[in-house]
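Asker: Residue numbers (this note's numbering), protein chains in the order written: chain A, 1 to 101; chain B, 1001 to 1358.
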Amino acid sequence: MGLLEKIFGSRAAVTQLPSGSITVDRAGKIVSSTVSSAYPAHLLQAVAKEVLALLREARAAQMPLAEVSIHFASLRITARELRGGAIIFLFPQTALSPASD
Amino acid sequence: MENQHKILVLDDDADWLELSREMLTQLPSKPEIRTATSGKRALAMLDGESFRLLICDLKMPRIDGLQVLAIVRRRFPELRTVVLSALEDEDFRSRAYALGVDMFWLKTEMQGNLQMYLECLESLLGRDQDGGFRGIQSKSLMDIIQMECLTRSSSVLRITRGSLVARLWIQGGELTDAEAEGARGEAAFRRILTWKSGTFENLPAEPNRKRTIVKPVNALLLESAQAIDESGAGAADTSDQTVQVHRRTVWKLSLLTRAGAEFVITVPPEGQGVHEVMGTQAQTAEQYANWTRRTAAIIKRMGDAVDAGPLLHLDAKNQERQLLLLPRENKDFLVGWSLEAGEGLLEKSKKMVEQWDS
């Protein structure tokens, strides 16, 4: 390992993708979370804020959404509307993850 | 309103007629809607006025819809016809199409597909730019006259275009006389050749008709073609474009219908063109398009924040429908499906999107 550290320097800054669920109130505050505490809180907060914004935009467009799933290349985010807030599920996607429809 | 089309709706159910009238008032071209509760009454109305489209039920007392359509096809060959029936029997559908109807719709399918139905009707109402003479597809009047002369036939060609009627006398393969819009002879012939669409029928020859045209028919056709080319050179491009746009719309509507989706909206990035709508009303589409743009921006911020990679797709559901947002290189596609649309929607949507601009 010493040799590798000499060659590549300090280890690369790779953040693990979040896995678990969070509950957010209507103000965007995370009420409960099962995501590892090692995952940066400010990033979880950013996800929560954007999901609420997305649901809010849908309401403004006269098409309130009950559920939304965002499929990124490496992460799936599923959110259900919860009395103004939301419950958000985060699933990292791997080659072995089941295909979703 | 000189260009206002007239639609005649024939159904023995007075309540349905009232409902139809309400639905058809949503057509963008705002046609005049007339109704009839019996085949006899409808035929009398068609005799008395000029209609563009007949929407006909099949199951009716006394004269049924198929009988009406058979008569209409013979007497009013220019009239567009649509069957709107509650009969889900495939046999009726085949028989109606065999009678030359332009479209067959089930009343039971109307509720979920009203917008598509209206778009199809609007397309039928505006289809007189397509050209060609009914009965012989894609053949111009020049082709028809040449065929008559080459076969050395003797007949009278009666050509109808809306309320205009013209006649061409052909004797032993030679054009001997023409009559149209108050003109006679070569002038009438040139006028007839400017008609781009219509219907024609062969009447028995009149060998005793006085000859007014002595020039060979090919010389006349050549002269007329040159005159038409010279006068219409500027208009040709516009007309071609209109036909292309129309074809693309029909192609997209058929994709939508085959897949069973409710609507498709394509949304280019802000400031790079307007959204395109197929299957839903303009006002709703505007809301959806705006939502799609804002959502795409939100998702991009979210993806960048957590390093989740590019967006593959988004699916969403509310009490009315399911939505799929598919990002593509130069625009986003929002596809709407009913809640009963079943499974495999992602694959169906992807397939439709891939074919959309082909």
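Glycine included, each C-beta is placed from N, C-alpha and C at the ideal position.
#1: Could you tell me how far apart the beta carbons of A1205 (chain B) and I1192 (chain B) are, in whole angstroms, since I believe they sit closer than 8 Å?
#2: Can you list the residues of chain B that I22 (chain A) reaches, using a CB-CB cut of under 8 Å?
#3: Per the contact definition of three or more C-beta pairs closer than 8 Å, is the region 1072-1088 of chain B in contact with the region 1103-1111 of chain B?
#4: How long is the line joining the alpha carbons of I30 (chain A) and L90 (chain A), rounded to whole angstroms?
#5: So the beta strand (DSSP E) D1177 (chain B) belongs to, where does it begin and stop?
#6: In the DSSP assignment, what residue or residues form a beta bridge with S1085 (chain B)?
#7: Identify whether R56 (chain A) lies in helix, strand or coil by the three-state DSSP scheme.
#8: Taking I1192 (chain B) as part of the alpha helix (DSSP H), name the residues at either end of that continuous run.
#9: Please tell me whether H1275 (chain B) and H71 (chain A) are closer than 9 Å, where the distance is taken between their beta carbons.
#10: Can you tell me which of A:A27, A:L65 and A:Y39 puts its alpha carbon nearest to the alpha carbon of D1315 (chain B)?
#11: Leaving out five residues on either side along the sequence, give the residues of the same chain with a beta carbon under 6 Å from the beta carbon of R1158 (chain B).
#12: Can you check whether the C-beta of W1291 (chain B) is within less than 9 Å of a C-beta belonging to chain A?
#13: Please compile the residues from chain A whose C-beta is within a distance smaller than 8 Å of the C-beta of T1160 (chain B).
#14: Residues of chain A with a CB under 7 Å from the CB of L1312 (chain B): which are they?
#15: Roughly how many angstroms lie between the CA atoms of F1092 (chain B) and S74 (chain A), to the nearest whole one?
#16: Can you grab the Cα-Cα spacing for the pair E81 (chain A) / I1298 (chain B), in whole Å?
#17: Measure from the C-beta of D1130 (chain B) to each C-beta in chain A and report whether the shortest distance is under 9 Å.
#18: Less than 8 Å between the CB of E67 (chain A) and some heavy atom of the ligand NAP, yes or no?
#19: Starting from M1278 (chain B), trace the alpha helix (DSSP H) both ways and give me its first and last residue.
#20: Which residues share a DSSP beta bridge with Q1171 (chain B)?
#21: Return the chain-ordered list of same chain residues with a C-beta closer than 6 Å to the C-beta of E67 (chain A), the five sequence neighbours on each side being excluded.
#22: Take E1148 (chain B) and list the residues in its own chain whose beta-carbon comes closer than 6 Å to its own, dropping the five residues that flank it on each side.
#23: Spell out whether any CB of chain B is found under 9 Å from the CB atom of A86 (chain A).
#24: Report the CB separation of L1121 (chain B) from V1068 (chain B) in whole angstroms; it is logged as a contact under 8 Å.
#25: In chain A, what lies closer than 8 Å to K1317 (chain B) by C-beta?
#26: Exposed or buried, D1130 (chain B), counting other C-beta atoms within 10 Å across all chains shown (16 or more means buried)?
#27: What number of angstroms, rounded off, separates the C-alpha of S1349 (chain B) from the C-alpha of E1262 (chain B)?
#28: Among B:R1075, B:A1070, B:I1055 and B:L1024, which has the Cα closest to the Cα of G1048 (chain B)?
#29: What's the gap between the Cα of V24 (chain A) and the Cα of I1055 (chain B)?
#30: Find the residues of chain A that neighbour A1036 (chain B), judging by a C-beta separation of less than 7 Å, and give them in chain order.
#31: Using beta carbons (cut-off 9 Å, strictly below), is R1075 (chain B) in contact with chain A?
#32: Per DSSP, G1342 (chain B) is paired with what?
#33: Is it buried or exposed for V1264 (chain B), if we count other Cβ within 10 angstroms and need 16 for buried?
#34: Along the chain, where does the alpha helix (DSSP H) containing R1074 (chain B) start, and where does it finish?
#35: Need the endpoints of the beta strand (DSSP E) that D1315 (chain B) sits in, please.
#36: What does the Cβ neighbour count give for S1094 (chain B), buried or exposed, with the cut at 16 atoms within 10 Å?
Answerer: Concretely, from the data shown:
#1: That pair is no contact at about 18 Å.
#2: In chain B, no part has a C-beta under 8 Å from the C-beta of I22 (chain A); the shortest such distance is about 12 Å.
#3: Touching, per the Cβ criterion.
#4: Just so you know, the alpha carbons of I30 (chain A) and L90 (chain A) end up roughly 14 Å apart.
#5: For D1177 (chain B), the enclosing beta strand (DSSP E) starts and ends at E1174 to A1180.
#6: Beta-bridge partners assigned by DSSP to S1085 (chain B): B:L1106.
#7: Reduced to three states, the DSSP call for R56 (chain A) is helix.
#8: E1186 to L1193 is the extent of the alpha helix (DSSP H) around I1192 (chain B).
#9: Their beta carbons are not under 9 Å apart, which means H1275 (chain B) does not touch H71 (chain A) by this criterion.
#10: If we check each option's Cα against that of D1315 (chain B), A:L65 comes out closest.
#11: Counting only Cβ-Cβ distances below 6 Å, and skipping sequence neighbours, we find R1167, E1201 and L1203.
#12: Output row for W1291 (chain B): interface = yes.
#13: When 8 Å is used as the limit between beta carbons, T1160 (chain B) is near no residue of chain A, the shortest such separation being about 49 Å.
#14: For L1312 (chain B), the C-beta contacts it makes with chain A under 7 Å involve H71, F72 and A73, in order along the chain.
#15: So the two alpha carbons sit approximately 52 Å from each other.
#16: Approximately 17 Å, taken between the alpha carbons.
#17: Unreliable placement is indicated for D1130 (chain B), whose pLDDT of 48 sits below 50; the coordinate value is still reported in the next sentence. No, its Cβ sits nowhere closer than 9 Å to a Cβ of chain A.
#18: For the structure depicted, the ligand NAP is absent and the ligand set is empty, with no information on it obtainable.
#19: Premise fails: M1278 (chain B) lies in the beta strand (DSSP E), E1276 to M1278, not in any alpha helix (DSSP H).
#20: In the DSSP secondary-structure assignment, Q1171 (chain B) is bridged to B:E1174.
#21: Correct list, in chain order: R80.
#22: Hits under 6 Å: I1170.
#23: By this cut-off, A86 (chain A) is not an interface position.
#24: Going by Cβ atoms, the distance from L1121 (chain B) to V1068 (chain B) rounds to 18 Å, so no, they are not a contact pair.
#25: Result: L65, A66, E67 and V68.
#26: Its pLDDT being 48, under 50, D1130 (chain B) is placed unreliably by the model, and the measurement read from it follows with that caveat. So D1130 (chain B) ends up on the exposed side.
#27: Taking the straight line from one Cα to the other gives about 11 Å.
#28: For the residues B:R1075, B:A1070, B:I1055 and B:L1024, the minimum Cα distance to G1048 (chain B) belongs to B:R1075.
#29: Cα to Cα, the separation comes out at about 54 Å.
#30: Going along chain A, no residue has its Cβ under 7 Å from A1036 (chain B), so there is no contact; the nearest lies around 39 Å.
#31: Judged by the 9 Å Cβ criterion, R1075 (chain B) is not in contact with chain A.
#32: DSSP lists no partner for G1342 (chain B).
#33: Answer is buried; the Cβ neighbour count reaches 16.
#34: That run of the alpha helix (DSSP H) goes G1065 to R1075.
#35: Segment L1311 to K1317, the beta strand (DSSP E) holding D1315 (chain B).
#36: Result: exposed.
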